[in-house]
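Just below is one structure, and these are the notes that go with it.
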Amino acid sequence: MEWYRDTFIISDDRDRVDVAVVVRLLHQQTYWARDIPPEAIHRAIEKSLCFSILEGDSLIGFARFITDYAVFGYLEDVIIDADFRGQGLGQWLLDCMLAHPTISSLKKLMLATKDAHSLYEKCGFASPTRPEWIMERYNTGAFRKNSA
Numbered sequence: 223m224e225w226y227r228d229t230f231i232i233s234d235d236r237d238r239v240d241v242a243v244v245v246r247l248l249h250q251q252t253y254w255a256r257d258i259p260p261e262a263i264h265r266a267i268e269k270s271l272c273f274s275i276l277e278g279d280s281l282i283g284f285a286r287f288i289t290d291y292a293v294f295g296y297l298e299d300v301i302i303d304a305d306f307r308g309q310g311l312g313q314w315l316l317d318c319m320l321a322h323p324t325i326s327s328l329k330k331l332m333l334a335t336k337d338a339h340s341l342y343e344k345c346g347f348a349s350p351t352r353p354e355w356i357m358e359r360y361n362t363g364a365f366r367k368n369s370a
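Under the numbering used here, the first residue of the sequence shown carries the number 223, and numbering increases by one thereafter.
Here's what the structure looks like:
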């Protein structure tokens, strides 16, 4: 699917994802993905429902859902290039993603973020009503080189 606004396009076509640009944006403009190796980002993109914001053929924004395509979706890696922020593109990206037939049919969506809470709240996200039901396991050594 594609959505259009002014000179921008949002596409769910994985072939339009410029992985090198996504890696650069995630490494240079986020706090959460700086240590993730490019090959892991590439693999994550291959296994996700991806959305790109393009100006012409240039990728200027990206986000993805990890989903089972039936019940649950996890929003991940929402990024707009710093040169294009302040134009409402993040809100538009989220609106398009949430309207996508696959995502709009899911029972539960989640995300984790330390910032931009007001952006996500505008899209219906809220703090968990039962945070005591949520657990996580974090592997701090996930991207360390094996030393044999």
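Positions of the beta carbon are idealized from the N, C-alpha and C atoms, including for glycine.
- Inclusion of LEU331 and PHE273 in the CB contact set at 8 Å is not warranted, their separation being larger than that value.
- Rounded to whole angstroms, ILE232 and GLU358 show a C-alpha spacing of 32 Å.
- One alpha carbon belongs to TYR342, the other to ILE301, and they sit about 13 Å apart.
- Relative to the Cα of ARG256, the nearest Cα in the group LEU328, ASP240, ASP237 and ASP299 belongs to ASP299.
- For GLY308, the number of other beta carbons within 10 angstroms of its own is below 16, and it is reported as exposed.
- Three or more Cβ pairs closer than 8 Å define a contact, and the stretch 314-328 falls short of that threshold against the stretch 238-253.
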